[in-house]
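K.L.:
Position in the sequence shown counted from 1, then plus 1, gives you this note's numbering. Cβ coordinates follow ideal geometry from the N, Cα and C atoms, glycine included. All values reported here derive from a predicted model rather than from experimental measurement. Let me begin by handing over the structure; questions about it come next.
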Amino acid sequence: MNRQTVTRRDQMALINSVLQHVESGTALTVPDSFYNGGDWEKYLNKFLEFLQTGTPKFSIYVKGNGKLPFHAFSSLPGKLFCPGAGPCLEWCYSFRAWRYPAAFFRQLQNQILLTTPTGRKHLSDAFDKIPDNLDFRLYVDGDFSSLEIMDFWFGLIKSRPTIRAYGYSKSWNLFVEYAKHKTFPENYQLNASSGSRFEKNNSLRKQIEKLSCYRGEFIAIPTTSKMPNIVTKRDKFTVWAKELRNRAKLLGIGRAFVCPGKCGNCLPSGGHACGSKKFKNVPVIIGIH
Numbered sequence: 002m003n004r005q006t007v008t009r010r011d012q013m014a015l016i017n018s019v020l021q022h023v024e025s026g027t028a029l030t031v032p033d034s035f036y037n038g039g040d041w042e043k044y045l046n047k048f049l050e051f052l053q054t055g056t057p058k059f060s061i062y063v064k065g066n067g068k069l070p071f072h073a074f075s076s077l078p079g080k081l082f083c084p085g086a087g088p089c090l091e092w093c094y095s096f097r098a099w100r101y102p103a104a105f106f107r108q109l110q111n112q113i114l115l116t117t118p119t120g121r122k123h124l125s126d127a128f129d130k131i132p133d134n135l136d137f138r139l140y141v142d143g144d145f146s147s148l149e150i151m152d153f154w155f156g157l158i159k160s161r162p163t164i165r166a167y168g169y170s171k172s173w174n175l176f177v178e179y180a181k182h183k184t185f186p187e188n189y190q191l192n193a194s195s196g197s198r199f200e201k202n203n204s205l206r207k208q209i210e211k212l213s214c215y216r217g218e219f220i221a222i223p224t225t226s227k228m229p230n231i232v233t234k235r236d237k238f239t240v241w242a243k244e245l246r247n248r249a250k251l252l253g254i255g256r257a258f259v260c261p262g263k264c265g266n267c268l269p270s271g272g273h274a275c276g277s278k279k280f281k282n283v284p285v286i287i288g289i290h
């Protein structure tokens, strides 16, 4: 069988059609390339069953891998769903996951679940089943898109005080606005992510730095080469990390922690810098190339 390739344009067309279908009941239009007799058609049918029944067909929260061994939540990336996104859209890694049908439809499913009371009930019920005393990353892909959604998540996190939640966000304005009326969960750490359209807004930056949930910045810095594996190529990683620190200094960044690429145990004492209150106000830097 000659299978058509599902393109980014096809995926965006499907997303737009699904959103209109959910919001106003318009007929759903699916690009022909999804009906290719392979995995795209297989997972499309699972997703269509979700739209029909309202019951999630893809795992809502996923326990990660060696790079990210935490329970985590993802929704759709892009300006519509990450309203704080700026220059990061040029190198956003989240779109790479769209190569995989299951990842694409999981993000789309979770985005739809966020939009309705019934969907949020599914999110809440699944969150209650996450074991105690675990790390949880909110938004591997996607971001807070409204105060309503932010309030929903922080209510869930407050209800599970033994969960160690953290995340990265470019929606700085929403955090500052939320703080005017609500308090943040004590068990949530915010990493203010670079690439935000607000990162040159010094007034907003000063406000977010004062928030109780603020851990520090997570800054992506252009590099000339890919990060070496810290386990198998430690010597090369050390050289690469030194170059990254030097590049950070040229940008006015002083003492910083170089992300080694694996979140589970990046600190010698155990734990991870992005979720540690001990690393408050310490920038975490990572290379992009």
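Mapping the DSSP letters down to three states, classify residue 234 as helix, strand or coil.
P.N.:
coil
K.L.:
Can you give me the C-alpha to C-alpha distance between residue 134 and residue 28, rounded to a whole angstrom?
P.N.:
44 angstroms
K.L.:
Please list the terminal residues of the continuous alpha helix (DSSP H) segment that includes residue 150.
P.N.:
148-160
K.L.:
Considering only residues of the same chain and omitting the five flanking positions on each side of residue 2, which have a CB-CB separation below 7 angstroms?
P.N.:
Model confidence at residue 2 stands at a pLDDT of 43, short of 50, so the residue's coordinates are unreliable and nothing is read from them.
K.L.:
Short check: CB of residue 142 to CB of residue 75, under 7 angstroms?
P.N.:
yes
K.L.:
Whose C-beta lies closer than 7 angstroms to the C-beta of residue 6 among residues of the same chain, with five residues either side of it excluded?
P.N.:
34
K.L.:
CA-CA distance, residue 283 and residue 180?
P.N.:
22 angstroms
K.L.:
Would you give the residue range spanned by the alpha helix (DSSP H) that residue 168 belongs to?
P.N.:
Per DSSP, residue 168 belongs to no alpha helix (DSSP H); it is in the beta strand (DSSP E), 165-170.
K.L.:
Give me the residue from 105, 56, 69 with the minimum Cα distance to residue 78.
P.N.:
105
K.L.:
Tell me whether residue 279 is buried or exposed, calling it buried when 16 or more other Cβ atoms sit within 10 Å of its Cβ.
P.N.:
Exposed, since its Cβ has fewer than 16 Cβ neighbours within 10 Å.
K.L.:
Could you spell out the range, first to last residue, of the alpha helix (DSSP H) harbouring residue 47?
P.N.:
40-54 is the extent of the alpha helix (DSSP H) around residue 47.
K.L.:
Would the stretch 180-197 and the stretch 237-248 be scored as touching if the rule is three or more Cβ pairs under 8 angstroms?
P.N.:
Put simply, the stretch 180-197 does not touch the stretch 237-248. Fewer than three CB pairs are less than 8 angstroms apart.
K.L.:
Rounded to the nearest angstrom, how far is the Cβ of residue 174 from that of residue 85, given a contact under 8 angstroms?
P.N.:
Sure, about 7 angstroms apart at Cβ, within 8 angstroms.
K.L.:
Comparing C-alpha positions only, which one of 276, 112, 68 sits nearest to residue 82?
P.N.:
112
K.L.:
What did DSSP end up calling residue 96 once you bin it into helix, strand or coil?
P.N.:
helix
K.L.:
Kindly indicate the opening and closing residues of the alpha helix (DSSP H) around residue 107.
P.N.:
102-114
K.L.:
Kindly indicate the opening and closing residues of the beta strand (DSSP E) around residue 222.
P.N.:
Boundaries of the beta strand (DSSP E) harbouring residue 222: 215-223, taken from the DSSP string.
K.L.:
Based on Cα-Cα distance, which residue from 154, 182, 87 lies nearest to residue 166?
P.N.:
154
K.L.:
Helix, strand or coil for residue 190? Go by DSSP, reduced to three states.
P.N.:
strand
K.L.:
Quick one: give me the first and last residue of the alpha helix (DSSP H) that residue 176 is part of.
P.N.:
173-179
K.L.:
Which class does residue 197 belong to by DSSP, given the choice of helix, strand or coil?
P.N.:
strand
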